[in-house]
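Worksheet: the structure to be examined is printed underneath.
Residue numbers (this note's numbering), protein chains in the order written: chain A, 2 to 267; chain B, 2 to 267.
Here is the structure:
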């Protein structure tokens, strides 16, 4: 993947849940989490008691194009002050905590989060320290748990990856558009053009002796049309295929060189 | 997040599409891609012409618990040999290529991939070089394009993140189970127990003068029951709340100390 798809003239999207990093240890992970947020239109990071203080040079370097997320980030001395103004809090965790909370996958949780935010609530999602995650008292501060479907033999997601998955589900839910879809260079061919091509092709094939016996011809034609119809040809496709088969049929001529044949079809 | 949820006694899941890294540049990214695959039960990595040769020490160090993915990885000199035995190929890209291919998000693409693999096909997904992605000839080798819904002002996902998102959708589609769900410590309370608690509580509140006037009592009781019913109490919840309110009602006694009160409810 590459940054070539980025449009730097657009302002970053804002909104979404508060992404709350609880006592993150490494600046690189804070920076990567900021990048993951920016990829998916999340703008609000809160950081509880970052181990290496704030601002953090390693976080800024790693965040790169997502520096605006770090600039807006709010720092809190403890979890309670970081969630004080929130209406709902979700805790991400990779393991069971013996707490009678509802457990959601990121998809279902983000649907709820989106609906609450749409209803005017301020919602936060907690992400624990790299090494040990959230402790049980921190999980107890949340209304519900978010966990990720993973291979239990390899359940460890790093901090930025967990933020990335929540962000990905958020963008699908809140914005949902792909950066591009198929380029509509040419409209789908009308059936008339397709059948005209088929008829011509079948006649040429007949001329060249493609059909071994007259009684086999109808079935062979049906088979050929089946194959070509699977292409769902555009107008341009029909022209390209007709040009290519036409030139094959003609074969090389004394006045034709290779580059002219190619040019004819591009 | 933390590795504490990992069960090292389980064998890693295998199967899924071939994850094909085309000319990856940094060993760290190959290692992180292997980790992302292992998180989501993908076992088969193919690498086309890795810039720094193979094996790659940085990849092994970064892969950590996903070393088995690197050990199984197959190395190819060019893309054609890497896809030669595949029935279907998808190309991931962040930008439009002017090619008339269908474009899917990871969710829709992985549904197709899963269905093809279930039908016995061997399917590959191409991921391009870190800096420049796949070139147009490489994209042309694919049946369809996978792209990710991202904020267009921050469209750059790194290699391992793109693999992570495909893996995440694969696991949801192919395995789908969360590592844990809510712990069922106590069954949901029967309505009889809930109403018995309400009746007792309302009587005690009446005794203490909670209801200012008899005509207001029914509405206040309904309101109180509304609030408490929202808890969807378990049997244990009813016992805990009844114990706590009961002790509040009694107040401190000369023979009771704080630790006994707490013990009574745990």
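Every residue gets a Cβ at the ideal spot worked out from N, C-alpha and C, and that includes glycine.
Using beta-carbon distances, residue 242 (chain A) does not count as an interface residue toward chain B, since no partner is under 8 Å.
Between the C-alpha atoms of residue 216 (chain A) and residue 88 (chain B) there is a straight-line separation of about 34 Å. In the DSSP assignment, residue 199 (chain A) falls within the unbroken alpha helix (DSSP H) covering 192–208. Boundaries of the beta strand (DSSP E) harbouring residue 47 (chain B): 46–49, taken from the DSSP string.
For residue 125 (chain A), not one C-beta of chain B is nearer than 8 Å to its own C-beta.
Taking a Cβ-Cβ cut-off of 9 Å, the neighbours of residue 12 (chain A) in chain B comprise 154, given in sequence order.
Secondary structure note for residue 32 (chain B): its alpha helix (DSSP H) is the uninterrupted segment 28–40.
Residues 35, 36 and 39 of the same chain have their beta carbon placed closer than 6 Å to that of residue 67 (chain A), with the five preceding and five following residues left out of the count. C-alpha of residue 224 (chain B) to C-alpha of residue 194 (chain B): approximately 19 Å in a straight line. Setting aside the 5 residues that flank it on each side, residue 131 (chain A) is surrounded in the same chain by 25, 26, 27, 30, 159 and 160, each with a C-beta closer than 8 Å to its C-beta; the list follows chain order. Considering only B:145, B:133, B:7 and B:245, the residue with the shortest C-alpha distance to residue 100 (chain B) is B:145. At a C-beta separation below 8 Å, residue 176 (chain A) has these neighbours in chain B: 150 and 152. Non-local beta-carbon contacts of residue 129 (chain B) in its own chain, meaning distances under 6 Å to residues more than five positions away in sequence, involve 23 and 135 in chain order. Its chain contains 28, 31 and 51 as the residues whose beta carbon lies nearer than 7 Å to that of residue 57 (chain A), once the 5 sequence neighbours on both sides are disregarded; these appear in chain order. Secondary structure of residue 90 (chain B) (DSSP, three-state): strand. Under the three-state reduction of DSSP output, residue 215 (chain A) falls in the helix class. Of all residues in the stretch 100–120 of chain A, only 100, 101, 102, 103, 104, 105, 106, 107 and 108 come within less than 9 Å of chain B when Cβ atoms are compared, listed by chain position. With fewer than 16 other CB atoms across the displayed protein chains lying within 10 angstroms of its CB, residue 231 (chain B) is exposed. A Cβ of chain B is located within less than 8 Å of the beta carbon of residue 173 (chain A). 8 Å or more divides the Cβ of residue 156 (chain A) from the Cβ of residue 17 (chain B).
Rounded to whole angstroms, the gap between the alpha carbons of residue 168 (chain A) and residue 53 (chain A) is 25 Å. DSSP places residue 153 (chain A) in the helix class (H, G or I) of the three-state scheme. Contact between the stretch 226–246 of chain A and the stretch 194–209 of chain A is present: 3 or more CB-CB pairs across the two stretches fall below 8 Å.
The DSSP assignment places 124–128 and 145–147 as complete runs of the beta strand (DSSP E) inside the stretch 115–181 of chain A, in order along the chain (cut-off: 3 residues). Comparing C-alpha distances from residue 80 (chain B) to each of B:121, B:97, B:42 and B:140 shows the shortest one belongs to B:140. Rounded to whole angstroms, the gap between the alpha carbons of residue 178 (chain B) and residue 107 (chain A) is 12 Å.
The beta carbon of residue 19 (chain B) does not come within 8 Å of any beta carbon belonging to chain A, so the residue lies off that interface. Assignment of residue 7 (chain A) by DSSP, reduced to helix, strand and coil, places it in the coil class.
Beta-bridge pairing by DSSP links residue 189 (chain A) to A:235. Listed along chain B are 149, 151, 152, 155, 156, 157, 158 and 162, each with a C-beta nearer than 9 Å to that of residue 40 (chain A). Counting along the chain, the unbroken alpha helix (DSSP H) around residue 81 (chain A) starts and ends at 80–84. When Cβ-Cβ separations below 8 Å define contact, residue 165 (chain B) makes contact with chain A. Following the DSSP letters along the chain, one finds residue 71 (chain A) inside the alpha helix (DSSP H) bounded by residues 68–73. Within the same chain, 37 come within 6 Å of residue 165 (chain B) by CB-CB distance, once the 5 residues on both sides are set aside. In the structure shown, residue 43 (chain B) falls within a coil segment according to DSSP collapsed to helix, strand and coil.
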